[in-house]
Every structure is written in structure tokens, then in C-alpha cells.
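Everything below concerns the one structure shown next.
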Amino acid sequence: MEKKRILTGDRPTGRLHIGHYFGSLKTRVEMQNSGKYDPYILIADVQALTDNFNNPDKVRKNVREVMLDYLSVGLEPEKTTIYIQSMIPEVAELTVFYSNLVTISRLQRNPTVKTEIAQKKELFGESVTYGFLGYPVSQAADITAFEGALVPVGEDQLPLIEQCKEIVRKFNSIYGETLVEPEAVLSNAKRIKGLDGNEKMGKSLGNAIYLSDTPEEISKKVMSAVTDPNRIKKDSKGNPDICMVSYYHKLFSPKEECENVCEECRAGKRGCVACKKQLANNIIKTLEPIREKREYYEKRPELVDKFLIEGTQKARETAKETMKKVKRAMKLDYFE
Ligand code: TRP
Ligand code: SF4
């Protein structure tokens with residue numbers, strides 16, 4: 001049986017952090033190594049530009065940073081096709097074709113787009129760009145150009161997959177069965193809170209630990225984590241349930257250590273500084289192999305470029321095949 005194609009991607013707007021690691025990267029590596037799938041990962045630079053059009057340097061720089069992050073966690077170009085979105089012109093072409101199959105009001109009702117527009121008032125003011133409003137159409141092209149069958153996503157991305165399915169159905173009903181309808185796979189991975197307790201981890205919030213952080217940076221960040229605010233003295237009884245340090249111990253420390261942390265904290269037998277140091281060490285230890293691998297590739301930029309070029313070439317071939325089918329279905333195959 002043919003392996004199912006998995007399609008995922010990230011906007012290259014910053015380096016990846018441990019939220020990405022637990023949220024999607026870990027699952028991608030597991031799926032890759034299971035050998036059961038044909039995984040494609042796109043670095044969505046065109047999508048990144050929809051809300052960073054005024055900052056092309058940032059997007060360009062982060063294409064390589066994200067690639068380094070991918071390689072560092074164990075994604076392997078021999079097993080996973082990793083490519084740059086803007087280098088696949090078929091995706092842009094498909095976006096234009098699909099734009100006839102989507103109404104403006106449907107895009108305006110898309111919950112993901114709605115939330116994001118509300119968050120980007122500073123950039124867009126009162127009126128959002130055509131490109132940003134339409135990015136779900138471009139994302140539908142991302143998925144269908146490669147006949148992505150499975151799309152592992154977080155909950156926030158579900159409305160985008162739904163919209164993609166609608167486009168596929170509409171296309172197939174008008175032009176004949178051509179496109180593959182994707183299936184969203186809701187990852188059971190959980191969203192990791194920031195060091196400050198914020199539901200979201202992110203650069204703008206300054207509450208994230210990056211895969212590329214040095215041991216010193218990790219220590220410093222852990223020291224600033226939010227603990228039980230009612231604990232004033234070292235021997236006062238604490239509540240680990242409202243402490244971000246204990247939350248992170250559960251992610252990075254062995255089970256036994258976590259149990260000790262909670263027990264000693266509740267009994268007032270644990271100092272927060274020592275508790276944080278122990279956590280920082282465990283995070284550093286966990287991320288060490290990732291950081292070492294990242295450094296290895298950082299020192300070999302030609303190799304990283306070679307991976308990107310090869311992945312993009314391979315993806316392009318796949319997209320060309322889809323484009324042939326699409327043009328035939330749309331009666332645009334003039335001189336074939
Ligand atoms: N929208 C996704 C994000 O912000 C990135 C993305 C672009 C994507 N194209 C995709 C994800 C196609 C899955 C499939 O994270
Ligand atoms: Fe948090 Fe540890 Fe301090 Fe308890 S002892 S409040 S778990 S840092």
C-alpha cells in the first residue's frame with residue numbers, strides 16, 4: 001500500500017521553541033521514524049509575508065533558522081521532504097484558481113483569520129490586506145498541491161483545514177474529481193504555557209525557551225519563571241499547582257523527581273532557588289543533544305542549503321504533477 005502523505009508547515013517568523021517541540025515537532029519526528037508515512041514539511045515564507053510584508057529580512061533569516069531547528073530535533077531530509085514555499089510557483093498558481101471558489105464573507109467568518117486580524121490591529125489598522133484575508137486559500141493550495149492526505153495540526157488550525165476541504169469539494173464538483181480532500185489529525189500534544197504562566201509561549205511575550213538557547217540563557221529564563229506568589233519564606237508551605245517551575249518539572253524531570261518537588265514544596269521543605277536550579281539542569285540536559293546537532297549544522301551552511309534545494313526540487317516535481325491534473329480539469333491544458 002502506498003504511504004499516506006502528511007503535510008505540515010511553519011511560518012518562518014522566529015526560531016522554534018519548546019512549545020513547538022512538544023506541540024508538533026516531536027510528533028513529526030515520530031511519524032517520520034515510524035516509516036508509515038510520506039511526510040512533507042513546508043517552510044511557509046509566503047504565508048509569513050502576509051503579516052510581515054514590511055519585514056522581508058526577518059522572514060528570509062528565519063527560513064534557515066527554522067530549517068536548523070528541524071534538523072536539530074531529528075527531522076531527516078532523506079525521510080522528510082522539507083521545502084521552501086515561495087520556490088514552488090504552482091502553489092501561487094493554484095491560489096489564484098482557488099480564489100474563484102471562495103467568497104469574501106466566508107473568509108471573513110473564518111475563526112482563525114478573525115482572531116488573527118483582531119490581534120494584528122497595529123499592522124492592519126481598520127482594514128486588512130487582501131493577502132492576509134486570503135491566506136486560507138493559499139494554505140489550501142499548500143496542502144492540495146502535494147496531495148496532502150493527513151494534516152496534523154493544533155486546534156487553532158482546524159478552521160483552515162475545514163476551509164481547504166470546502167475548496168476541494170467545490171473544485172471537484174465543478175471541474176470533476178481531481179483534488180485530494182485532506183483530513184485534519186488533531187494532535188494530542190498539548191500546548192505548553194509560557195514561563196510566566198501565559199497560555200501561549202512566544203517571542204513577543206519573552207516567555208519562551210528556544211531549542212537554540214545556550215545553557216546560560218536557559219538558566220536565566222528559568223530563574224525568572226513565575227512561582228507560587230504566596231510563598232514568601234523558604235520554609236513556608238507552597239502550592240506547586242500554581243507554580244510554573246513545577247509545571248515544567250513535569251515536562252522535563254523524571255517522575256520521581258517531580259513527586260519529590262511537589263511533596264517537599266507542600267511541606268515547606270524546598271527552596272524555590274534550588275528547585276529552579278534543578279529544573280534548569282534537567283532542561284539543559286534534555287535539550288543538549290538538540291543544541292549539539294544544531295551547532296553541527298550551523299557550521300555547515302552548504303549542507304543545509306543542499307538539503308533545502310533538494311527538498312524543494314522534489315516537492316516541485318510533485319506539485320507539477322498536480323498542476324497538470326488541475327489544468328486538464330479546468331480546460332487550461334491548451335497545447336498538451
Ligand atoms: N498556518 C500554519 C501555521 O501558522 C503554517 C502552514 C502554512 C501550514 N501552510 C500549511 C500548516 C499547510 C499545515 C499545512 O502554523
Ligand atoms: Fe515552585 Fe519549587 Fe518554589 Fe514550590 S519550591 S513554589 S514548586 S519553585
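Using our numbering, you'd call the opening residue of the sequence shown number 1 and step up by one each time.
Ideal Cβ positions, reconstructed from N, Cα and C, are used throughout, including at glycine.
Keep in mind it's a predicted model, so treat the numbers as computed, not measured.
State the DSSP-derived secondary structure class of residue i, mapped to helix, strand or coil.
i, result
"lysine 193", "coil"
"arginine 106", "helix"
"lysine 3", "coil"
"aspartate 38", "strand"
"aspartate 333", "coil"
"leucine 49", "helix"
"glycine 9", "strand"
"glutamate 147", "coil"
"proline 182", "coil"
"valine 128", "coil"
"isoleucine 88", "coil"
Using 6 angstroms as the cut-off, classify the Cβ of residue i as near or not near the heavy atoms of the ligand SF4, replying yes or no.
i, result
"cysteine 272", "yes"
"arginine 227", "Reading off the sequence, residue 227 comes out as threonine, not arginine. Checking the Cβ of threonine 227 against the ligand SF4 gives yes."
"proline 240", "yes"
"cysteine 243", "yes"
"arginine 231", "yes"
"cysteine 258", "no"
"serine 219", "no"
"cysteine 275", "yes"
Does any heavy atom of the ligand TRP sit closer than 6 angstroms to the C-beta of residue i?
i, result
"glycine 9", "yes"
"isoleucine 143", "yes"
"valine 151", "yes"
"alanine 315", "no"
"glutamine 47", "yes"
"glutamine 139", "yes"
According to the neighbour-count rule (16 or more other Cβ atoms, all chains shown, within 10 Å of its Cβ), is residue i buried or exposed?
i, result
"asparagine 33", "exposed"
"arginine 28", "buried"
"valine 273", "exposed"
"arginine 109", "exposed"
"leucine 303", "exposed"
"asparagine 344", "Since the first residue of the chain shown is 1 and the last is 336, residue 344 is not available in this structure."
"glutamine 47", "buried"
Taking Cβ positions only, does residue i come closer than 7 angstroms to chain B?
i, result
"leucine 211", "The chain labelled as chain B is not found in the depicted structure, where only one protein chain is given."
Which complete beta strand (DSSP E) runs does the stretch 52-85 hold, if anything under 3 residues is left out? 81-84
Could I get the ranges of all uninterrupted alpha helix (DSSP H) runs contained in the stretch 192-254, with 4 residues as the minimum, in chain order? 215-223, 244-252
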